[in-house]
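In UniProt numbering, the protein residues as written are 1 to 362. Built from N, CA and C at the ideal position, the CB exists for glycine as well. These notes concern the structure reproduced below.
Dropping the structure here:
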């Protein structure tokens with residue numbers, strides 16, 4: 001009997017030990033990363049955007065937040081994944097950030113659905129938005145300006161939609177947008193089809209507040225006077241708050257209340273333009289590789305481009321125009337008469353008087 005008792009105690013002890021081990025294995029499981037249906041790397045995308053978008057830190061932070069909440073798949077299921085409004089002057093990168101996001105995420109800069117709201121400025125054009133009513137031409141086909149594939153995306157990646165210059169759209173179109181923002185579904189007027197925006201990231205752009213951004217960017221004294229004026233008019237001298245007040249004057253509260261976040265774009269400063277020129281040169285050299293050529297830019301030439309390319313009216317578009325005229329066109333002339341040898345050819349862009357010149361180096 002003592003043997004049996006000792007054996008039972010031993011077995012009970014072993015059983016207890018096994019239970020403890022099992023509990024330990026349950027509570028201390030190997031660490032693993034969260035898995036979702038989405039197949040894109042947020043950090044890689046954000047890094048790529050930061051390499052090509054300059055001077056707009058708030059907009060970059062917005063896109064990062066959008067990507068993280070999309071990847072985690074925790075947003076509401078019965079509405080678009082995110083709705084944002086990008087406000088500011090022309091030529092500061094509002095559309096560019098959407099195009100670049102499409103390129104980095106989908107491998108194609110055209111893989112997003114851009115709707116030019118200026119073309120929907122009159123009520124009778126609203127049919128292009130939700131399709132022609134029953135009995136009208138195109139109603140059976142369900143014709144609409146939306147590309148269903150680009151809007152709805154895929155199982156592993158969201159669709160991207162841009163409503164450009166949304167303030168110019170007719171009220172009938174804005175009303176249709178409210179329905180999309182509410183439930184993520186656009187039912188075509190024919191009643192026979194629908195477009196699903198519940199896997200879409202929606203961007204809108206607007207030039208409302210552009211003049212205010214311009215005034216806030218004036219030299220110190222003028223900017224102080226401007227801030228004082230707006231402080232008296234709106235009770236605030238914050239640029240974003242002033243622009244928000246101007247948005248409130250144009251859009252109805254029910255429209256603005258459905259926007260997840262609004263970002264006010266800033267004027268591009270000299271540091272941003274400096275980085276943009278480096279990027280323009282880098283992109284040009286990639287295109288020149290097939291000719292076994294490259295081009296370099298002296299510091300004086302870069303300063304000249306910044307001075308001539310800075311435009312509050314046209315933003316970065318003016319810099320690109322000046323770069324094309326002063327660098328690319330002159331370089332094309334040089335290439336036309338170039339005889340290639342065994343070695344690669346390097347050209348140097350220099351400032352000469354009030355223009356740029358290109359010389360073959362070596």
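For this session: Have a look at the DSSP bridge pairing and note the partners of residue 164.
Result: For the purposes of this step, residue 164 is taken as the residue at position 164 of the chain shown. For residue 164, which the question treats as bridged, DSSP gives the partners 116.
Exercise. CB residue 79 to CB residue 184, shorter than 9 Å?
Worked result: On the chain shown, residue 79 is found 79 positions in, with the first residue counted as 1. On the chain shown, residue 184 is found 184 positions in, with the first residue counted as 1. Yes, they are a contact pair.
Problem set entry | Coil, strand or helix - residue 171 by DSSP | The residue you call residue 171 lines up with position 171 of the chain shown. If DSSP states are grouped into helix, strand and coil, residue 171 belongs with the helices.
For this session: Return the first residue and the last residue of the beta strand (DSSP E) that residue 206 is part of.
Result: Within the chain shown, residue 206 is the residue found at index 206, counting from 1. 200-206 is the extent of the beta strand (DSSP E) around residue 206.
For this session: Out of 317, 357, 315, 339, state which residue places its alpha-carbon closest to the alpha-carbon of residue 331.
Result: Residue mapping note: residue 331 aligns to position 331 of the chain shown, counting from 1. Considering only alpha carbons, the answer is 357.
Problem set entry | Euclidean distance between Cα positions of residue 355 and residue 60 | Along the chain shown, one-based indexing puts residue 355 at 355. Along the chain shown, one-based indexing puts residue 60 at 60. Approximately 35 Å between the Cα atoms of the pair.
Exercise. How big is the Cα-Cα spacing for residue 291 and residue 285?
Worked result: Position 291 of the chain shown, counting from 1, holds the residue named residue 291. Position 285 of the chain shown, counting from 1, holds the residue named residue 285. Using only the alpha carbons, I get a separation of about 10 Å.
For this session: Can you check DSSP and say which residues form a bridge with residue 358?
Result: As a position in the chain shown, residue 358 is number 358, starting the count at 1. Beta-bridge pairing links residue 358 to 349.
For this session: Measuring alpha carbon to alpha carbon, tell me which of 325, 89, 274 ends up nearest residue 307.
Result: What you label residue 307 is simply residue 307 of the chain shown in a count that begins at 1. Measuring from the Cα of residue 307, the nearest candidate turns out to be 274.
Problem set entry | residue 346 versus residue 339 - alpha carbon distance | Here the question's residue 346 lines up with position 346 in the chain shown. Here the question's residue 339 lines up with position 339 in the chain shown. Each residue's Cα considered, the two are about 13 Å apart.
For this session: Pull up the distance between the alpha-carbon of residue 259 and that of residue 82, whole angstroms please.
Result: Working through the chain shown from its first residue, we reach residue 259 at position 259. Working through the chain shown from its first residue, we reach residue 82 at position 82. C-alpha separation (whole angstroms): 8 Å.
For this session: Just mark residue 166 as buried or exposed, buried being the case when its beta carbon has 16 or more other beta carbons within 10 Å.
Result: Translated into the one-based positions of the chain shown, residue 166 becomes position 166. Buried.
Exercise. If you count every other CB in all the chains shown that lies within 10 Å of the CB of residue 164, and 16 or more means buried, which is it?
Worked result: Your numbering for residue 164 matches position 164 in the chain shown. Buried: at least 16 other Cβ atoms inside 10 Å.
For this session: Would you tell me roughly how many angstroms separate the C-alpha atoms of residue 265 and residue 360, rounded to the nearest one?
Result: Within the chain shown, numbered from 1, the residue matching residue 265 stands at position 265. Within the chain shown, numbered from 1, the residue matching residue 360 stands at position 360. Cα to Cα, the separation comes out at about 40 Å.
For this session: Could you spell out the range, first to last residue, of the beta strand (DSSP E) harbouring residue 82?
Result: Residue 82 sits at position 82 when you count from the first residue of the chain shown. Element bounds for residue 82: 82-87.
Exercise. So residue 95 is in the alpha helix (DSSP H); what residue range does that whole segment cover?
Worked result: In the chain shown, the residue the question calls residue 95 occupies position 95. Where residue 95 is concerned, the enclosing alpha helix (DSSP H) stretches over 94-106.
For this session: Consult DSSP for residue 7 and reduce its assignment to one of helix, strand or coil.
Result: Within the chain shown, numbered from 1, the residue matching residue 7 stands at position 7. Caution applies to residue 7, whose pLDDT of 44 falls short of 50 and renders its modelled position unreliable; the value that the coordinates give is listed next. Residue state, collapsed to three classes: helix.
Exercise. Roughly how many angstroms separate the alpha carbons of residue 24 and residue 241, rounded to a whole number?
Worked result: On the chain shown, position 24 is the one that residue 24 refers to. On the chain shown, position 241 is the one that residue 241 refers to. For residue 24, the predicted structure reports a pLDDT of 42, less than 50, and the residue's modelled location is therefore unreliable. The matter cannot be settled from this model.
Exercise. Any idea which residues DSSP pairs residue 183 with across the strands?
Worked result: Translated into positions along the chain shown, residue 183 becomes position 183. None, per the DSSP bridge assignment.
Exercise. What number of angstroms, rounded off, separates the C-alpha of residue 58 from the C-alpha of residue 337?
Worked result: Here the question's residue 58 lines up with position 58 in the chain shown. Here the question's residue 337 lines up with position 337 in the chain shown. In a straight line, the C-alpha of residue 58 is about 46 Å away from that of residue 337.
Exercise. What three-state label does DSSP hand residue 140 in the structure shown?
Worked result: Within the chain shown, residue 140 is the residue found at index 140, counting from 1. Because the pLDDT of residue 140 is 48, which lies under 50, any placement of that residue in the model is unreliable, and the number read from its coordinates should be weighed accordingly. The answer is coil: DSSP assigns residue 140 none of H, G, I, E or B.
Exercise. Is the stretch 237-256 in contact with the stretch 194-214, if contact means three or more CB pairs nearer than 8 Å?
Worked result: yes
Exercise. Grouping DSSP H, G and I as helix and E and B as strand, with all else coil, what is residue 149?
Worked result: In the chain shown, residue 149 corresponds to position 149, counting from 1. If DSSP states are grouped into helix, strand and coil, residue 149 belongs with the helices.
Exercise. In the DSSP assignment, what residue or residues form a beta bridge with residue 195?
Worked result: Taking the first residue of the chain shown as position 1, residue 195 is located at position 195. In DSSP, residue 195 forms a bridge with 186.
Exercise. Looking at residue 318 and residue 310, is the spacing between their C-beta atoms short of 9 Å?
Worked result: Locating residue 310 in the chain shown gives position 310, where the first residue counts as 1. Locating residue 318 in the chain shown gives position 318, where the first residue counts as 1. Cβ distance < 9 Å, so residue 310 and residue 318 count as in contact.
Problem set entry | Through-space distance from residue 113 to residue 146, alpha-carbon basis | By one-based count along the chain shown, residue 146 stands at place 146. By one-based count along the chain shown, residue 113 stands at place 113. Cα to Cα, the separation comes out at about 7 Å.
Problem set entry | Close beta carbons around residue 71, own chain, < 8 Å, minus the five adjacent residues each side | Position 71 of the chain shown, counted from the first residue, corresponds to residue 71. Here the set comprises 36, 38, 40, 42.
Exercise. For the putative contact between residue 200 and residue 151, defined by C-beta atoms under 8 Å, what is the C-beta separation to the nearest angstrom?
Worked result: The residue given as residue 200 occupies position 200 in the chain shown. The residue given as residue 151 occupies position 151 in the chain shown. That pair is a contact at about 6 Å.
For this session: Less than 8 Å between the CB atoms is what I'm expecting for residue 115 and residue 63, so what's the real figure, rounded?
Result: The sequence position of residue 115 within the chain shown is 115, counting from 1. The sequence position of residue 63 within the chain shown is 63, counting from 1. That belief does not hold up - the Cβ atoms of residue 115 and residue 63 are roughly 19 Å apart, past 8 Å.
For this session: Using beta-carbon positions only, say whether residue 351 and residue 278 come within less than 9 Å of one another.
Result: One-based indexing of the chain shown puts residue 351 at position 351. One-based indexing of the chain shown puts residue 278 at position 278. It is not a contact, given that the beta carbons lie outside the stated cut-off.
Problem set entry | CA-to-CA distance, residue 153 to residue 267, given in whole angstroms | Position 267 of the chain shown holds residue 267. Position 153 of the chain shown holds residue 153. Roughly 33 Å separates the two Cα atoms.
For this session: Give every residue of the same chain whose Cβ lies closer than 8 Å to the Cβ of residue 12, excluding the five residues on either side of it in the sequence, and list them in chain order.
Result: As a first step, residue 12 must be located in the chain shown, where it is residue number 12. A caution first: residue 12 carries a pLDDT of 49, below 50, which makes its placement in the model too unreliable to give a value.
Problem set entry | Residue burial classification, residue 171 (beta-carbon count within 10 angstroms, cutoff 16) | The residue given as residue 171 occupies position 171 in the chain shown. Residue 171 comes out exposed.
Problem set entry | Cross-strand partners of residue 315 (DSSP beta bridge) | Position 315 of the chain shown, counted from the start, is the residue given in the question as residue 315. DSSP output for residue 315 lists no bridge partner at all.
Problem set entry | Per-residue DSSP class, three states only, for residue 245 | Here residue 245 is taken as the residue at index 245 of the chain shown, counted from 1. Note: residue 245 maps to helix in three-state DSSP.
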